[in-house]
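**Student:** Throughout, this note's numbering is defined as the position within the sequence shown, counted from one, plus 2.
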Amino acid sequence: MAGSPEGSGPLPPARPLDAIDQDILRMLQADGRASVRSVADRVHVSRANAYARINRLVEDGVIRGFGARVDHERAGHSTSAYITLKIVQNTWRTVREQLRQLPGASHIALVGGDFDVLLLVHTPDNRALRELVLTRLQAIPEVLSTRTLLVFEEEDLEPQG
Numbered sequence: 003m004a005g006s007p008e009g010s011g012p013l014p015p016a017r018p019l020d021a022i023d024q025d026i027l028r029m030l031q032a033d034g035r036a037s038v039r040s041v042a043d044r045v046h047v048s049r050a051n052a053y054a055r056i057n058r059l060v061e062d063g064v065i066r067g068f069g070a071r072v073d074h075e076r077a078g079h080s081t082s083a084y085i086t087l088k089i090v091q092n093t094w095r096t097v098r099e100q101l102r103q104l105p106g107a108s109h110i111a112l113v114g115g116d117f118d119v120l121l122l123v124h125t126p127d128n129r130a131l132r133e134l135v136l137t138r139l140q141a142i143p144e145v146l147s148t149r150t151l152l153v154f155e156e157e158d159l160e161p162q163g
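1) Looking at C-alpha atoms only, which residue of K88, Y53, A16 and I65 is the closest neighbour of L27?
2) Roughly how many angstroms separate the alpha carbons of A170 and H46, rounded to a whole number?
3) Tell me the DSSP secondary structure of I22 in three-state form.
4) Excluding the 5 residues flanking A83 on each side, which residues of the same chain have their C-beta closer than 7 Å to its C-beta?
5) Does DSSP classify T86 as helix, strand or coil?
6) Counting only the same chain and skipping the five closest in sequence on each side, list residues whose C-beta sits under 6 Å from that of S111.
7) If contacts are defined as beta-carbon pairs under 8 Å, then T148 and L87 qualify, I think. What distance do you get, rounded to the angstrom?
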């Protein structure tokens with residue numbers, strides 16, 4: 003299958019997805035390791051057709067990559083938190099690049115509302131979370147304030163199969 007389109011220039015315009023494309027996406031979200039043969043069998047197309055469709059979905063940027071869903075607690079990151087940030091106006095791109103470098107950063111979103119950025123982090127423990135917030139985040143000059151929301155329990159809502 004084709005590689006990720008990241009870094010290969012602008013993506014082509016979005017094409018409409020038909021029912022077969024949607025079924026393929028659901029299957030691969032549930033099992034990113036599904037073989038082309040099993041995908042083809044489940045959506046009732048030839049292997050060549052399934053292969054071409056998956057490649058097109060990758061090339062069009064619909065599928066951004068393939069990976070594992072991780073149980074962060076079992077992987078040694080038992081503390082999770084959403085951190086809201088207020089940032090200096092028009093510094094989103096600069097801040098985003100700095101947030102990407104943080105250990106345990108899992109999701110970054112520019113949002114509207116009472117704060118500007120929502121950051122999800124997974125850390126080994128509360129001490130590491132404290133270090134991340136008080137030392138790393140608050141040292142970013144464009145960050146005006148933070149608020150940490152400790153996660154007690156979480157569940158991925160992605161298709162399970």
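Beta carbons: idealized from backbone N, C-alpha and C, even for Gly.
**Tutor:** By the coordinates alone:
1) Position 25 of the sequence shown, counted from the start, is the residue given in the question as residue 27. Comparing Cα positions, the closest option is I65.
2) As displayed, the chain neither begins before 3 nor continues past 163, which places residue 170 out of reach and without an answer.
3) Position 20 of the sequence shown, counted from the first residue, corresponds to residue 22. Helix, per DSSP.
4) As a position in the sequence shown, residue 83 is number 81, starting the count at 1. Only V123, L131, T150, L151, L152 and V153 meet the Cβ criterion.
5) Indexing the sequence shown from 1 puts residue 86 at position 84. In this structure, T86 counts as strand in the three-state DSSP scheme.
6) As a working note, residue 111 is residue 109 in the sequence shown. The sequence shown places Ala at residue 111, rather than the Ser named in the question. Answer for A111: L120, listed in chain order.
7) Residue numbering aside, residue 148 sits at position 146 when the sequence shown is read from its first letter. Residue numbering aside, residue 87 sits at position 85 when the sequence shown is read from its first letter. About 5 Å; that satisfies the 8 Å criterion.
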